[in-house]
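Following: one structure in structure tokens, then a few remarks.
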Amino acid sequence: MGTAEHSIGYLILHLHAHLPYLRRRIVYGTAGIWQPLGFPEEWFHEALVDTYIPLIKVFEDLVNEGVDFKLSLDISPTLTNMMRCPLLQEEFLKYLEGLTNLARAEIERVRREAPAFETAAWMHLKRFEESREIFLRYDKDLTKAFKHFQDIGKLEISTCAATHGFLPFYTRYPEAIRAQIETAVRDYEAVFGRKPLGIWLPECAYVPGLEKYLEEYDLHYFFSETHTVLNGDSPSEFGIHAPVFVRGSRVAVFGRDPETGKQVWSADEGYPGDPDYLDFHIKGGPFRYCRITNRYSLQKEPYNPDWAREKAARHAQHFMEGRNFRFEYIRGWFWKKPLSVATYDAELFGHHWFEGPLFLYFLFKKLYYDQNQTELITPADYLHRYPTNQEILPPPSSWGDKGTFDKWMYGSVSWMYRHVHEAIEALNELAKRAGTSNDDKLSRILAQAGREVLWAMNSDLAFVISNGHFVDKMKEFFFGALERFWILYDMAEKYLAGKTINERLLREITLTRPIFPEHSWEVWQKN
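According to UniProt numbering, the residues represented by the sequence shown are 1 to 527, in order.
See the structure below:
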């Protein structure tokens with residue numbers, strides 16, 4: 001306690017929360033007990049159970065214990081729309097019911113066949129029951145939980161491009177970039193009741209010129225990979241230990257501290273590889289029951305939650321001491337307190353690293369009670385304290401392999417962009433022809449056409465395809481969105497020509513993807 005008065009450095013801890021918008025029912029069947037299979041339609045439900053509900057529980061526990069903390073977080077508009085979707089809310093309760101029934105059956109099976117693993121089986125049942133309780137506490141809408149913790153000053157929630165579009169690939173189409181950002185800002189205001197202060201650029205993908213769009217929508221900062229700050233057109237005075245402004249703008253770039261990434265992300269050196277943590281890759285049935293034991297062997301021992309909890313506390317201590325040591329070492333180099341920016345995918349915590357939320361719980365407690373050198377801060381608070389920062393022009397970059405755009409551009413996915421570009425051009429032309437029309441039916445057609453193009457822009461499709469996963473499903477999703485767009489395009493042409501349209505088909509398409517109710521088709525006129 002008393003950290004703010006005595007601190008010698010700042011820590012921004014930021015989680016990127018995103019999933020592509022998939023609104024599909026899970027087929028449970030009637031034969032035997034259902035088991036999760038990890039299909040795309042399960043991703044959302046899996047993420048709620050593994051990551052977002054455990055994070056909310058951590059926030060609740062910290063507040064109830066009187067621990068002050070600050071966490072920076074962005075939640076993509078696609079994820080907030082899924083969290084607020086009534087159909088998915090009911091589907092999640094069914095999913096939890098299926099998991100709970102399966103967990104009860106598993107306890108009986110494990111007790112008979114491998115009693116050493118029974119403790120882990122009971123752990124899964126407890127977390128499923130706890131997930132249901134927390135989910136219902138927020139009226140089945142988890143955005144209410146995140147809004148609450150932002151309103152009481154524990155979170156600073158930024159936004160993300162509407163459908164996680166890879167923005168550097170659309171610099172020829174300003175209307176498409178504006179559509180991604182404007183839709184995100186409108187959606188954020190509807191969900192959180194205020195304007196966002198910053199944005200997570202999807203895949204941390206930046207190209208010079210994007211900052212002008214961020215300024216246009218009053219977005220003051222974004223996050224980047226380390227080399228984005230270090231490889232600018234002039235040396236960064238503070239290295240990665242302070243943000244920089246993009247030259248000619250007031251948009252700040254917060255570059256990631258690679259040491260914080262290595263400690264958590266690295267398969268070889270990172271905390272998640274500890275032998276006592278739950279093994280992500282090995283299942284002893286439908287759930288995970290083994291501790292990692294040895295990463296190079298398939299011989300696994302039973303998971304012990306108490307051992308894992310102790311390791312999470314130790315790793316939190318190590319992470320905190322690492323920041324304190326770094327700040328102590330470099331404190332005399334700069335005229336202002338150095339900053340460390342630790343950015344991660346939110347799903348690392350709980351999904352890939354089961355003990356991740358517990359690690360955060362211990363880290364926040366230790367930072368609050370056990371030291372006064374490292375102060376948690378959010379990006380907006382930092383910029384308020386230090387409004388003057390160096391200006392540089394960062395290079396094109398991403399947080400993909402080698403810091404390039406290759407993962408989303410070449411090989412098995414290069415064919416995708418010509419289809420999206422063609423749809424953007426057609427929608428721009430159509431929106432201009434519609435002019436300032438306030439005809440309700442035309443507005444519905446054009447708005448839904450915009451939603452379909454936005455969805456086809458999402459970077460997840462290319463990423464998953466380039467990894468060779470669910471290739472056929474991703475192509476089905478991609479071409480499905482474009483097919484609906486061209487149906488809507490023809491429908492708008494007919495309507496503008498005074499012909500009758502198929503209103504039933506319009507309703508069906510709208511119900512298929514009821515996302516972004518605040519989306520304005522007029523944004524597609526601008527270029």
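Ideal Cβ positions, reconstructed from N, Cα and C, are used throughout, including at glycine. None of these values were measured; they are calculated from a predicted model.
Spanning the alpha carbons of residue 181 and residue 104 requires a straight line of approximately 45 Å.
Cβ-Cβ distances below 7 Å link residue 507 to nothing in the same chain once the five nearest sequence neighbours on each side are left out.
For residue 205, the closest C-alpha among the options 395, 465 and 433 is that of 395. In this structure, residue 123 places its C-beta atom within 9 Å of the C-beta atom of residue 303.
By the neighbour-count criterion, in which a residue is buried when 16 or more other Cβ atoms sit within 10 angstroms of its Cβ, residue 435 is exposed.
Residue burial annotation: residue 116 is exposed, with fewer than 16 other C-beta atoms found within 10 angstroms of its C-beta.
Residue 198 places its beta carbon less than 9 Å from that of residue 223. Residue 325 sits exposed, since fewer than 16 C-beta atoms from the chains shown fall within 10 Å of its C-beta. Following the DSSP letters along the chain, one finds residue 67 in no beta strand (DSSP E), marked with neither H nor E. Residue 16 is bridged by DSSP to 74 and 345.
Residue 198 is bridged by DSSP to 221.
Apart from the 5 residues on each side of it in sequence, residue 59 sits with its Cβ closer than 7 Å to the Cβ of 149 and 154 in its chain, given in chain order. With contact defined as three or more Cβ pairs closer than 8 Å, the region 61-75 and the region 376-392 are in contact. Counted as a single uninterrupted DSSP element, the stretch harbouring residue 523 is not any alpha helix (DSSP H), since DSSP gives it neither H nor E. Taken in chain order, the complete alpha helix (DSSP H) segments of 4 residues or longer contained in the region 377-430 are 379-385 and 406-409. Put simply, of 214, 183 and 300 the residue whose alpha carbon is nearest the alpha carbon of residue 288 is 300. Shown here for residue 320: same chain residues with a beta carbon closer than 8 Å to its own, the five before and five after excluded, namely 363, 366, 367, 370, 371 and 374 in chain order.
Shown here for residue 191: same chain residues with a beta carbon closer than 6 Å to its own, the five before and five after excluded, namely 80 and 143 in chain order. Straight through space, the alpha carbons of residue 89 and residue 451 are spaced by roughly 21 Å. In the DSSP annotation of this structure, residue 181 is not part of any beta strand (DSSP E); the continuous alpha helix (DSSP H) holding it starts and ends at 174-192. The beta-carbon distance between residue 416 and residue 485, rounded to whole angstroms, is 14 Å. This is too long to meet the 8 Å contact definition. Annotation for residue 135: no beta strand (DSSP E) segment contains it, though the alpha helix (DSSP H) segment containing it runs 118-137. It is roughly 26 Å from the alpha-carbon of residue 520 to the alpha-carbon of residue 462. Residue 158: member of the beta strand (DSSP E) spanning 155-160, first to last residue.
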